[in-house]
Amino acid sequence: MFGVIDVDQSPLVLIWEVTQACGLACRHCRAAAVPRRHPEELDTEEAKALLDDAAEFGDGQLVVLSGGDPLMREDLPELVRYGTDRGLRMAVTPSGTRSLTRERIAELADAGMARMAVSLDGATRESHDAFRGEESYADTIAAAEAAREHGIPVQVNTTVCADTVEELPAIRELVGEVGVVLWSVFFLVRVGRGGVLTPISPVRAEGIMEWLHDVDAEEPFGVKTTEAPFYRRVGLQREDGGREGSRRRAGVRAGCGFAFVSHTGEVYPSGFLPLSAGNVRESSIVDVYRESALFRSLRNPDGFTGKCGACEFRHVCGGSRSRAYAETGDPAGSDPLCPYVPEGYDGPLPARIAD
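Now the structure itself:
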């Protein structure tokens, strides 16, 4: 999908939270979004300077404009066009509100939007809207259809937690009907409003990883996981029967192939790992990503602790650094969602995050 990228030099995905303002107040929102824009958001000129710096990662760098709801910024089409002109692939993740009209989608498509991602956390209006605590299902489906009409590839993001896990097979069917190119399945990290939700158990998560590999093989759309890199470990075990090739594939995780810029310019390894390595108002995003001690440490799985540090799959998985930080306060610790215990490991195991 991305070609060969040296993740020590460039992220595969650069997320920029253009605003935390949003008309929704979803129960799982990482950003704990609010109705109004923050007065210290990056302004248009600062935003363009960030995109100029991002272009130094190389032609075709993927930049995802996220939020909050990025549509709360009047200059969003201008930023999409500017980034596209600088050789960036500009994707947008709008909220499913009535502001996401066909006219707004057409304007973004004309500006060069390369992909649009929407969230579906239930297979029906009732289940989706109940989970999000807002009426957004109908607007989300309509927006996905409008994007496809304009030739924009659509991605669907789905949160996996105790409230949604039973819906996954039905959501799979809906994703196929919508005609998306990618289903991104996000395994809950308890930050922001999501801190009150209940994650699934590690054993349940392992089973879902197996199922998702089957889905990926059977469906025309791609499947990826977010904050669950042991999906790659499961895939390797299925292919190789265990340990062969355990260093064969590099993966994306917080700080390694992934970076996040907040609405006020703070640079985090992930939006779910809110440790700042610098601010784009003071330093280039390129320098922060490549040279900061935090990012460099997260790209060195040999420095991880516990069973993640001992795991033979650490170079292709590495565990969710965000979940390790959220649950233990240590971004180098073990991912408590992964049930795998390396052979011969007799050290401490992370506390279970769910029964």
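Residue numbers 1 to 355, in full-length UniProt numbering, belong to the letters of the sequence shown in order. Glycine included, every Cβ here is placed at the ideal spot set by N, Cα and C.
Ignore the nearest five residues each way along the sequence and tell me which others in residue i's own chain have a CB closer than 6 angstroms to its CB.
i      : result
Arg249 : Confidence at Arg249 is low in this model, with a pLDDT of 45, below 50, so the placement of that residue is unreliable and no value is reported for it.
Val13  : Leu62, Phe258
Pro350 : Ser334, Pro336
Leu174 : Ala123
Arg102 : Ala146
Tyr137 : Arg125, His128, Asp129
Here's a check: name, in chain order, each residue in its chain whose Cβ is nearer than 8 angstroms to the Cβ of residue i, leaving out the five neighbours to either side.
i     : result
Val7  : Ala250, Val252, Cys256, Gly257, Arg299
Asp53 : Val280, Ser284, Ile285, Val286
From residue i to residue j, what distance separates their C-alpha atoms?
i      : j      : result
Val49  : Glu56  : The sequence shown places Ala at residue 49, rather than the Val named in the question. Roughly 11 angstroms separates the two Cα atoms.
Thr124 : Tyr289 : 40 angstroms
Gly303 : Val92  : 34 angstroms
Glu167 : Gly122 : 6 angstroms
Tyr340 : Val234 : 10 angstroms
Gln237 : Asp214 : 14 angstroms
Leu42  : Leu65  : 13 angstroms
Residue i: buried (16+ other C-beta within 10 angstroms of its C-beta) or exposed?
i      : result
Arg98  : exposed
Ser246 : In this predicted model, Ser246 has a pLDDT of only 35, less than 50, meaning its place in the structure is not dependable; the value taken from the coordinates is given anyway. Buried, by the Cβ-count rule.
Thr44  : exposed
Asp139 : buried
Name the residue from the options whose alpha carbon lies nearest to the alpha carbon of residue i.
i      : options                        : result
Met113 : Pro70, Gly347, Glu134, Arg321  : Pro70
Ala117 : Ser136, Pro94, Arg132          : Pro94
Arg321 : Phe295, Val341, Pro339, Glu343 : Phe295
Phe230 : Gly68, Gly265, Val185          : Val185
Val191 : Thr328, Val180, Ser127, Pro301 : Thr328
Val178 : Val160, Asn157, Ile141, Thr158 : Ile141
Cys22  : Val80, Leu100, Leu42           : Leu100
Arg232 : Leu212, Glu219, Glu218         : Leu212
Val154 : Glu282, Ser270, Val180         : Val180
For residue i, I'd like the list of residues in its chain whose CB is within less than 7 angstroms of its CB, leaving aside the five on either flank, ordered along the chain.
i      : result
Gly83  : Leu51, Val63, Met90
Gly60  : Gly87, Arg89
Pro348 : Gly306
Pro331 : Leu273, Leu275, Leu298, Arg321, Ala324, Tyr325
Pull up the CB-CB distance for residue i and residue j, whole angstroms please, since I reckon it's below 8 angstroms.
i      : j      : result
Leu120 : Ile200 : No, Leu120 and Ile200 are not in contact; Cβ-Cβ is about 18 angstroms, not under 8 angstroms.
Ala109 : Ile152 : 5 angstroms
Glu17  : Gly68  : 7 angstroms
Gly176 : Phe221 : 7 angstroms
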